[in-house]
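A quick write-up on the structure given underneath.
In this note's numbering, the protein residues as written are 208 to 324.
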């Protein structure tokens, strides 16, 4: 079928890739890949085709956190929309995880400098 109202060129191209891989006439912009019939092998094929679009570098982990056409288009365009309704992902979780890992390596549990034994 034709492009959805307001669908970007990149979304159209990604949706066409999904349709070809999933052997479906159409998929929704906000339909998760695995719910649309995708599997892990098709995810790898999707990764290769998305890389072929010549946009930003994409890792397989990106496709597990960006599971819709809309989210993948935002990722490739340089944004970071996740599959949770298209809201921007925050880096706070990643920053917090990095801080916890750093404290763990230093042997402290909090930012208070107390060493764990």
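Ideal placement from N, C-alpha and C gives every residue a C-beta, glycine not left out.
Simplified DSSP assignment, three categories, for residue i
i           : result
residue 215 : coil
residue 299 : With a pLDDT of 43 at residue 299, under the threshold of 50, the predicted position of this residue should be treated as unreliable, though the coordinate-derived value follows. Here residue 299 sits in helix by DSSP.
residue 290 : Bear in mind that the predicted position of residue 290 carries a pLDDT of just 45, short of 50, making it too unreliable to give a figure here.
Residue of the options minimising C-alpha distance to residue i
i           : options          : result
residue 235 : 244, 227 and 222 : 222
residue 244 : 260, 225 and 259 : 225
residue 242 : 276, 281 and 259 : 276
Sub-8 Å separation of residue i and residue j beta-carbons
i           : j           : result
residue 279 : residue 257 : yes
residue 228 : residue 262 : no
residue 240 : residue 265 : no
Rounded C-alpha distance that separates residue i from residue j
i           : j           : result
residue 217 : residue 312 : 42 Å
residue 268 : residue 230 : 23 Å
residue 270 : residue 213 : 23 Å
residue 238 : residue 220 : 15 Å
residue 290 : residue 255 : Any reading at residue 290 must be qualified, since the residue scores a pLDDT of 45, below 50, and its modelled position is unreliable; the value itself is stated next. Each residue's alpha carbon lies about 20 Å from the other.
residue 246 : residue 252 : 10 Å
Neighbour flag for residue i against chain B, beta carbons, 8 Å
i           : result
residue 219 : Among the chains in the structure shown there is no chain B, since it carries only a single protein chain.
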